[in-house]
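Mapping of the first sequence onto full-length UniProt numbering: position 139 corresponds to residue 139, and the numbering continues sequentially without gaps.
From the three backbone atoms N, C-alpha and C, an ideal C-beta is built for every residue, glycine too.
Working notes, structure below.
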Amino acid sequence: MSEQFAEVIVDVPSMQTNQPYTYAIPTEWIGQVFPGMRVIVPFGKRKILGFTTKILSKRPGVSFKIKEIEEVLDLTPVLNTEMLEMASWLAKWTFSFKISCLQVMLPAAMRASYNKTIKLTSTDVSEEVKQLFDEQNEVKFDSKELSADVFKKLSKLSREKKAEVIYQVHDRARTKKVTVIKSLLNTQEVQKQKELLRVNADKLRLLLDFLGKIGSQILTQKDAIKKTGLSAAVFTQGEKKGWLKKEKVEKYRDPYRDAEIKRTKPKQLKAAQQKAVERIDHSIVQQQDKVFLLQGVTGSGKTEVYLYTIACALKNKQTALMLVPEISLTPQMVRRVKSRFGSNVAVLHSGLSEGEKYDEWRRIERNDATVVVGARSAVFAPLENIGIIIMDEEHETSYKQEDMPEYNARDVAIKRGSWHHCPVVLGSATPSLESRARAQKGVYEWLRLDERINGQPLPEVQLIDMRQELKRAPAVDISTPLLDAIKQRLEQKEQVVLMLNRRGYSSFIMCRECGFVLKCPNCDISLTLHMDSHSMKCHYCGHEEPIPRTCPSCQSKKIRYYGTGTEKVEQELQQLLPETKILRMDVDTTRRKGAHAKLLRQFGNKEADILLGTQMIAKGLDFPDVTLVGVLNADTSLSLPNFRSAERTFQLLTQVSGRAGRADKLGQVVIQTFNPKHYAIQLAKKQNYEKFFGIEMNMRHRGGYPPYFFTTQIVTSGPNEADVAKKMFEIDGQLKQVLSSQAVILGPTPKPIMRINNQFYYQLVIKYKKEPELDAFLEDLLLNSQKEARQKLKLKIDRDPIDFI
DNA sequence: AGCACGCCGACT
DNA sequence: GTCGGCGTGCTC
1 MSEQFAEVIV DVPSMQTNQP YTYAIPTEWI GQVFPGMRVI VPFGKRKILG FTTKILSKRP
61 GVSFKIKEIE EVLDLTPVLN TEMLEMASWL AKWTFSFKIS CLQVMLPAAM RASYNKTIKL
121 TSTDVSEEVK QLFDEQNEVK FDSKELSADV FKKLSKLSRE KKAEVIYQVH DRARTKKVTV
181 IKSLLNTQEV QKQKELLRVN ADKLRLLLDF LGKIGSQILT QKDAIKKTGL SAAVFTQGEK
241 KGWLKKEKVE KYRDPYRDAE IKRTKPKQLK AAQQKAVERI DHSIVQQQDK VFLLQGVTGS
301 GKTEVYLYTI ACALKNKQTA LMLVPEISLT PQMVRRVKSR FGSNVAVLHS GLSEGEKYDE
361 WRRIERNDAT VVVGARSAVF APLENIGIII MDEEHETSYK QEDMPEYNAR DVAIKRGSWH
421 HCPVVLGSAT PSLESRARAQ KGVYEWLRLD ERINGQPLPE VQLIDMRQEL KRAPAVDIST
481 PLLDAIKQRL EQKEQVVLML NRRGYSSFIM CRECGFVLKC PNCDISLTLH MDSHSMKCHY
541 CGHEEPIPRT CPSCQSKKIR YYGTGTEKVE QELQQLLPET KILRMDVDTT RRKGAHAKLL
601 RQFGNKEADI LLGTQMIAKG LDFPDVTLVG VLNADTSLSL PNFRSAERTF QLLTQVSGRA
661 GRADKLGQVV IQTFNPKHYA IQLAKKQNYE KFFGIEMNMR HRGGYPPYFF TTQIVTSGPN
721 EADVAKKMFE IDGQLKQVLS SQAVILGPTP KPIMRINNQF YYQLVIKYKK EPELDAFLED
781 LLLNSQKEAR QKLKLKIDRD PIDFI
């Protein structure tokens, strides 16, 4: 082979560089560079990281001069064919840069860190200038770290060629190495060596005894030192004598190692579980890339079904991927999986350090772990030969990434399923309407678990009409019936969980007399309060009207903006129940790493009587002594200017209700609401998902929202409002040419929080069923938006946005 | 993204 | 005159 070239995607996230660049492979590397490796390449004056995507054996006929790859960082590809193809698909699907898609699939440790230094090369400079440099005449050259003054002086030197700027790229990935000890002697040899020892060679004798004892076992030097009390020097001596061998071995930073986990046996399955397992196992064995919707009420044993099917995949000599929302990836959850599959399990979540994440990734990549449990980004775990992909709580919106690339792990999971010819199981008690509708149409196979494992009834749910109760409530946020229930439970030495629904805090107006919420006449969506313009605005269509002084429905003056904080409630509650220990769990108290788990542990140890928190307490926690769950304000999420508000409210209430009385004690749920008649609340009370599904589908159909229509959101932003608006209306005009009459455009409208960091935001939402031209148009739009060099004007496209406020 | 090049106003 | 402000275009 005489020459080789590589196509490289460079680490420059911009539209203009969103294409492969061709580099020559250095002679010494020819034949050893493959697609999916990380390389360092010269790019302009700089050196940057890149990913090889294609290897060419012929010099391409191009006019530009081809530079050489500077360094190859990996000996084997870090991204396989599946991942490379996935990256291309993802870039197109999410309108993202290829480089962002490649990076998102790897642990952060495998990204590059860039360093710039400047070296003085001339002696013809003033003393003052010399002072700026160190002994090697070098100094860090970073506009952010240096004062503007110094930076200017250094830049000038560079321009005058009196100093040279040096660009460095570092691979942050470092493996941890550990020394292990292996005995090279058998029992007879140990005896023989012992006889040869001098009488006073006590240390060496002890070492020989130890070597005799461990036999062929390999253990770390650290452990050996601990066990024998001998120093490292003695082991070195032993190595010199040829008794033992020391080796450097890669060590994984295992975050869960200390907790020795007992292995548990599979539980006996109920008939419905058994049937679900059979259906899924069949698909695993037959290598069908089918999607299942596993719909099971809280406590119906979905997790056990997951574990069985994982076992089936493993038995089939395949691997398994299980996705869980970050928030329910608790130690209990991890223990449950580890106790079944032991050290085969790798866990990926945001609580791990960069190094830990990298090590878990390496374990998976080397097939040392065959079961992966993780949050959103774990969907890219480098598993091969996947036999089953599970997504628990599939309706959770946290599966969608908020920043580039804005992928939905559900889409990626299904894509991987079809690549690996394996089933994907979407599990939920309250499936997203999209998934449930697909199950209806037979696109997904529908599996149901309607009974709870222990056969106990769902907790009794009581609705408190706050329109009535507020007049005589002991506190603004707590009604008398709820307070009584709390007192009763505390007397019985049982625990209480109170949830404050904080979503949509302070953004809408509601009548405290009748529960009326001002809605848009065109969109059937709550209007949002704008204090800057003193008006109510619809973020979908742009409709605007004055803030009402009296309730349009009941003429009451008690119409005002609605919202409340956990701190305030905690105070109120403490006043009403001075003797009670309350734990507060919200964004403020859980900001620190591990704080979340600590609070839950405290509550689990019964160090507190009441756990008061926001949404985050609704998921995954399972405390046997909690017999009362209270929802202080069911309405906030209901009145969000969002077509999913009813769905979210229903899901949240259903989920939180499931938290009560999971053990042998019967649970009680109290929901305070200003809208006791609303179908989402009524049906959550009855835990009737199916009926909710029917009504909500009807609403979506009438409003033309998903799952009947696809949606794509376009957002432009920039420092000049007129420019931003103009661009948006321009796009609106172009879209009208491209789209068929079936499609609907909402907007353009300014975003509710119009100005963040002096940037103005405008948005537009396209609702459509089938628009074959749309993707090409949007791609073009994105490309031109940067080429137009209307710089400072940013454009973002979000396919299937979670919400568009 | 960065970096260079180039065109303008406002300083030693 | 030149310094440095930012707009424009390019990076294999």
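- Query: Does DSSP put Asp-11 in a helix, in a strand, or in coil?
  - Reply: Counted from its first residue, the first sequence places residue 11 at position 11. Of the three classes helix, strand and coil, the one that applies to Asp-11 here is coil, per DSSP.
Check: Does the distance from the CB of residue 827 to the CB of Gln-287 come in under 7 angstroms?
Finding: The structure shown does not extend to residue 827, since the chain spans only 1 to 805, so no value can be given for it.
Would the segment 201-216 count as touching the segment 100-109 if we require 3 or more Cβ pairs under 8 angstroms? no
Notebook entry, point to check: Bridge partners of Asp-368, per DSSP?
Noted result: Residue numbering aside, residue 368 sits at position 368 when the first sequence is read from its first letter. Under DSSP, Asp-368 shares a beta bridge with no residue.
Within 10 angstroms of the Cβ of Thr-264, are there 16 or more other Cβ atoms? Answer buried if so, exposed if not.
As a working mapping, residue 264 is identified with position 264 in the first sequence. Label assigned to Thr-264: exposed.
Which residues does DSSP pair with Thr-123 in a beta bridge? Taking the first sequence and counting its residues from 1, the one referred to as residue 123 is at position 123. Looking at the DSSP assignment, Thr-123 forms no beta bridge with any residue, so it has no partner.
*asked:* Here's the rule I'm using: 16 or more other beta-carbon atoms within 10 Å means buried, otherwise exposed. How should Leu-783 be labelled?
replied: Residue mapping note: residue 783 aligns to position 783 of the first sequence, counting from 1. With fewer than 16 Cβ atoms within 10 Å of its Cβ, Leu-783 is classed as exposed.
*Considering only residues of the same chain and omitting the five flanking positions on each side of residue 837, which have a CB-CB separation below 7 angstroms?*
This structure leaves residue 837 out entirely; the chain is present only between 1 and 805.
Under the three-state DSSP convention, the category Ile-284 falls into | Counting from one through the first sequence, the residue named residue 284 turns up at place 284. It is helical.
Exercise. Rounded to the nearest angstrom, how far is the Cβ of Leu-774 from that of Ile-797, given a contact under 8 angstroms?
Worked result: For the purposes of this step, residue 774 is identified with residue 774 of the first sequence, where counting begins at 1. For the purposes of this step, residue 797 is identified with residue 797 of the first sequence, where counting begins at 1. No, Leu-774 and Ile-797 are not in contact; Cβ-Cβ is about 10 angstroms, not under 8 angstroms.
Check: With burial defined as no fewer than 16 other Cβ atoms inside 10 Å of the residue's Cβ, what is the status of Lys-140: buried or exposed?
Finding: Sequence index remark: in the first sequence, residue 140 carries index 140 (1-based). Looking at its Cβ environment, which holds fewer than 16 other Cβ atoms inside 10 Å, Lys-140 is exposed.
Review point. Candidates Glu-354, Ser-377, Arg-59, Val-249: which alpha carbon is nearest Glu-3's?
Key: By 1-based counting over the first sequence, the position of residue 3 is 3. Considering only alpha carbons, the answer is Arg-59.
- Task: Please confirm whether Val-425 and Leu-321 have their CB atoms less than 7 angstroms apart.
- Result: Taking the first sequence and counting its residues from 1, the one referred to as residue 425 is at position 425. Taking the first sequence and counting its residues from 1, the one referred to as residue 321 is at position 321. It is not a contact, given that the beta carbons lie outside the stated cut-off.
query: Can at least three beta-carbon pairs, one atom from the segment 644-653 and one from the segment 598-612, be found at a separation below 8 angstroms?
result: The segment 598-612 and the segment 644-653 do not touch, with fewer than three beta-carbon pairs separated by less than 8 angstroms.
(request) Would you mind listing the alpha helix (DSSP H) stretches within the segment 607-672 that are 4+ residues and don't spill past its ends, in chain order? (result) 645-657
field: Nearest-angstrom Cβ-Cβ length linking Leu-120 and Lys-162, presumed shorter than 8 angstroms
entry: For the purposes of this step, residue 120 is taken as residue 120 along the first sequence, with counting starting at 1. For the purposes of this step, residue 162 is taken as residue 162 along the first sequence, with counting starting at 1. That belief holds up - the Cβ atoms of Leu-120 and Lys-162 are roughly 7 angstroms apart, short of 8 angstroms.
Buried or exposed: which applies to Leu-196, given that a residue is buried once 16 or more other Cβ atoms fall within 10 Å of its Cβ? The residue given as residue 196 occupies position 196 in the first sequence. Classification for Leu-196: exposed.
What number of angstroms, rounded off, separates the C-alpha of Val-529 from the C-alpha of Thr-673? Position 529 of the first sequence, counted from the first residue, corresponds to residue 529. Position 673 of the first sequence, counted from the first residue, corresponds to residue 673. Sequence inspection shows Leu at residue 529; the Val mentioned does not correspond to that position. So the two alpha carbons sit approximately 21 angstroms from each other.
Q: Leaving out five residues on either side along the sequence, give the residues of the same chain with a beta carbon under 8 angstroms from the beta carbon of Leu-576.
A: By one-based count along the first sequence, residue 576 stands at place 576. Result list for Leu-576: Pro-474, Ala-475, Ile-478, Leu-483, in chain order.
message = Looking at Leu-90: is its Cβ nearer than 7 angstroms to the Cβ of Pro-548?
response = For this step, residue 90 is matched to residue 90 along the first sequence. For this step, residue 548 is matched to residue 548 along the first sequence. Going by C-beta atoms, Leu-90 is not nearer than 7 angstroms to Pro-548.
Same chain, Cβ closer than 6 angstroms to Leu-307, neighbours up to 5 away in sequence not counted:
Reading the first sequence from its first residue, position 307 is the one you call residue 307. Cβ within range, chain order: Arg-340.
* Between the segment 327-335 and the segment 87-101, do three or more beta carbon pairs fall short of 8 angstroms? -> no
- Can you have a look at Arg-648 and say buried or exposed, based on whether 16 or more other CB atoms are within 10 angstroms of its CB? Against the first sequence, residue 648 aligns to sequence position 648. Buried.
ask   = Among residues of its own chain, excluding the 5 on either side of Glu-469, which ones have a beta-carbon nearer than 8 angstroms to its beta-carbon?
value = Taking the first residue of the first sequence as position 1, residue 469 is located at position 469. Excluding sequence neighbours, Glu-469 sits near Ser-479, Thr-480, Pro-481, Gln-672.
Ends of the alpha helix (DSSP H) at Arg-340? One-based indexing of the first sequence puts residue 340 at position 340. Run containing Arg-340: 331-341, per the alpha helix (DSSP H) assignment.
Q: Could you tell me the boundaries of the alpha helix (DSSP H) in which Lys-227 lies?
A: What you label residue 227 is simply residue 227 of the first sequence in a count that begins at 1. Here the alpha helix (DSSP H) through Lys-227 covers 221-228.
**Prompt:** Under 7 angstroms between the Cβ atoms of Ile-55 and Ala-6?
**Reply:** Here residue 55 corresponds to residue number 55 of the first sequence, with the count starting at 1. Here residue 6 corresponds to residue number 6 of the first sequence, with the count starting at 1. Result yes, Cβ atoms of Ile-55 and Ala-6 sit closer than 7 angstroms.
**Report entry** Alpha carbon of Glu-451 to alpha carbon of Ala-272, nearest angstrom
**Finding:** For this step, residue 451 is matched to residue 451 along the first sequence. For this step, residue 272 is matched to residue 272 along the first sequence. One C-alpha to the other measures close to 8 angstroms.
**OP:** Have a look at the DSSP bridge pairing and note the partners of Phe-133.
**Re:** Within the first sequence, numbered from 1, the residue matching residue 133 stands at position 133. None, per the DSSP bridge assignment.
Decide if Thr-236 is buried, meaning its Cβ has at least 16 other Cβ atoms within 10 Å, or exposed. Working through the first sequence from its first residue, we reach residue 236 at position 236. Thr-236 comes out exposed.
| query | Pairing CB atoms from the segment 376-385 with CB atoms from the segment 344-357, are three or more of them under 8 angstroms? | reply | At 8 angstroms Cβ cutoff, the stretches touch.
Ser-506 versus Gly-630 - alpha carbon distance: Numbered from 1 along the first sequence, position 506 holds the residue referred to as residue 506. Numbered from 1 along the first sequence, position 630 holds the residue referred to as residue 630. The pLDDT assigned to Ser-506 is 45, lower than 50, so where the model puts this residue is not dependable, and the model offers no usable value.
Report task. Pull up the distance between the alpha-carbon of Thr-319 and that of Cys-514, whole angstroms please. Result -> Residue mapping note: residue 319 aligns to position 319 of the first sequence, counting from 1. Residue mapping note: residue 514 aligns to position 514 of the first sequence, counting from 1. Each residue's alpha carbon lies about 55 angstroms from the other.
Look at the alpha carbon of Ile-453 and the alpha carbon of Val-297, and state the distance between them as a whole number of angstroms. Working through the first sequence from its first residue, we reach residue 453 at position 453. Working through the first sequence from its first residue, we reach residue 297 at position 297. If you take the alpha carbons of Ile-453 and Val-297, they lie about 10 angstroms apart.
Is DSSP giving Asp-798 helix, strand or coil here? Your numbering for residue 798 matches position 798 in the first sequence. Looking at Asp-798 - three-state DSSP - the assignment turns out to be strand.
message: Taking DSSP's pairing of strands, which residues face Val-78 in a bridge?
response: Stepping through the first sequence from its first residue, residue 78 is reached at position 78. DSSP lists no partner for Val-78.
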